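If you count the sequence shown from 1, you need to add 960 to reach our numbering.
In this text, a Cβ means the ideal position worked out from N, Cα and C, and glycines have one as well.
Bear in mind the structure is a predicted one, so any value in this text is a computation, not a measurement.
Take a look at the structure set out below.
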Amino acid sequence: MIITIPKGLVATAPGLLQKVTTKGNKSTYHWKTNYTISNYCILFNIGKYKLAKRMFTTVNGNKVPMEYYVLEENFSQAEKLMDLFEQSTRILEKYFGEYPWVKERIAACETPHLGMEHQTNIAYGNKYRYEKMGGKDFDWLLHHEYGHEWWANKVTNRDWAHMWIQEGICTFGDAMATRELAGEEAYLKRMQQTGRNTQNRYPVVRGEEVDSDSAYIGDIYGKGAFFMHTLRYIMGDDIFSPTLKKLATDPQYTYDNTVVTADVEKLFSGAYGNSLQPVFHLFLYTTDKLEIHVRQTGADKYLVRLLNMDMPLPIDIITDQGKQRLMVDKKGINVSSKTAIQIDPSMFYLKKVIME
Ligand SMILES: [Zn+2]
């Protein structure tokens, strides 16, 4: 992108700044990226910017410039924001692998609008309104838009129909920041709130090719993230975490390749060792919840079974013996307890418990 502007202003765009030339009262900025880029990320910003800059060493040991183009009047805020930028990079790299654009730069640019995931030029407009997370400062907007460098810019859905892969998993990355900074309990609380906020008016995936108006519903964020939370519980961290990282790092899913929900399902099913297709179908392709039927069969006995799921699933059940993780299927399992039993108390599933 070659952008000519009045001298004294600064233009930012994707990739690396090649040169700035000045003629009379005009400056020309030459920006270039060598990476494939989505068309909506091809964008420039013009402002009275100052550049704050430092070097960042990635998880794989690559040195990448980290830049923040900040409005002159906010220059004193830049160092702190870059500290948070580094904090978010460490968290995102831990879960999703190395920062994707190491041959260019990690960068954000201050904007009048709230934010957007422009590749190597993240728009930041959250006005330094940090929240506390586990006692540490955290900028949710920066973390979310920046998470899209992995989920949107590096792992890209083929069609709007599969937009949850970008927004849902990126939102799960926000929850991983809660986990890293505030701990597992805080993460669970956050996901419970996310689960309660799901709308279930339309399925997350509404076909193979849909327009943006049909695809862009709230549930692609929260319900998509909650779906990752459900998979994490079903598969266990030891299998789930490397599988999710594989989705973000394997060449077949990244950079010039695009993905659909079926690719994600095949990857996770392969890692799990059993088809997870019924789980993907229920939570992404319908608005139904997991139906769990509980029938008291004796003084201290219960039969717990799944009504609308053709595979066994682990479910936490609290009895008078405490919490147990039990495999439940359509035939059902017998549970004994002198006290009333509780099903999935931590909320790993979007569910309907039918007590009889
Ligand atoms: Zn987003």
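Assigned exposure category for A1300 - 16 Cβ within 10 Å defines buried: For this step, residue 1300 is matched to residue 340 along the sequence shown. A1300 counts as exposed, since fewer than 16 other beta carbons sit within 10 angstroms of its beta carbon.
Paired residues, beta bridge with E1064 - DSSP: Along the sequence shown, one-based indexing puts residue 1064 at 104. Answer is none; E1064 lacks a bridge partner.
Continuous alpha helix (DSSP H) stretch holding L1102: start and end: Locating residue 1102 in the sequence shown gives position 142, where the first residue counts as 1. Unbroken alpha helix (DSSP H) run through L1102: 1100-1107.
Stretch-stretch touch, CB-based, cutoff 8 Å, three pairs: the region 1038-1055 with the region 1106-1113: At 8 Å Cβ cutoff, the stretches touch.
Near ligand 1: E1127 beta-carbon under 8 Å from a heavy atom: To locate residue 1127, count along the sequence shown from 1; it is residue 167. Flag set: Cβ of E1127 near ligand 1.
Same chain, Cβ closer than 6 Å to H1189, five either side skipped, listed in chain order: As a first step, residue 1189 must be located in the sequence shown, where it is residue number 229. Leaving aside the five residues that flank H1189 on each side, the residues in its chain whose CB is nearer than 6 Å to its CB run, in chain order, M1151.
Closer than 8 Å: C1130 CB and nearest ligand 1 heavy atom: To locate residue 1130, count along the sequence shown from 1; it is residue 170. Flag set: Cβ of C1130 near ligand 1.
Pick from I1066, Y1059, F1045 that is closest to P1025, judged by C-alpha positions: Locating residue 1025 in the sequence shown gives position 65, counting from the first residue. Distances from the CA of P1025 to each of I1066, Y1059, F1045 were compared; the closest alpha carbon is that of I1066.
Cβ distance (whole Å) where Y1245 is taken to contact V1165 below 8 Å: Mapped onto the sequence shown, residue 1245 falls at position 285. Mapped onto the sequence shown, residue 1165 falls at position 205. Contact holds; Cβ gap of about 5 Å.
Secondary structure of I1002, DSSP reduced to three states: Within the sequence shown, numbered from 1, the residue matching residue 1002 stands at position 42. I1002: coil per DSSP, three-state reduction.
Selected residue, minimal CA-CA separation from K1202, among N1022, G1057, Q1153, Q1037: Here the question's residue 1202 lines up with position 242 in the sequence shown. For the record, residue 1202 in the displayed sequence is Pro; it is not Lys. Of N1022, G1057, Q1153, Q1037, the residue nearest in Cα terms is G1057.
Inter-stretch contact at 8 Å, needing at least 3 Cβ pairs: the region 1144-1159 / the region 1203-1220: No, the region 1144-1159 is not in contact with the region 1203-1220.
E1077 CB to nearest heavy atom of ligand 1 below 8 Å: The residue labelled residue 1077 in the question sits at position 117 within the sequence shown. For E1077, the shortest separation between its Cβ and any heavy atom of ligand 1 lies below 8 Å.
Runs of alpha helix (DSSP H) lying entirely within the region 1017-1083, each at least 4 residues, in chain order: Secondary structure within the region 1017-1083: the alpha helix (DSSP H) runs of 4 or more consecutive residues, fully enclosed, are 1038-1056 (chain order).
K1249 versus N1160, Y1213, Y1232, K1040, residue with shortest Cα-Cα distance: The count along the sequence shown starts at 1 and reaches residue 1249 at position 289. Nearest option by C-alpha distance: N1160.
Identity of the residue in A1142, K1063, H1073, I1129 nearest G1319 by Cα: As displayed, the chain neither begins before 961 nor continues past 1316, which places residue 1319 out of reach and without an answer.
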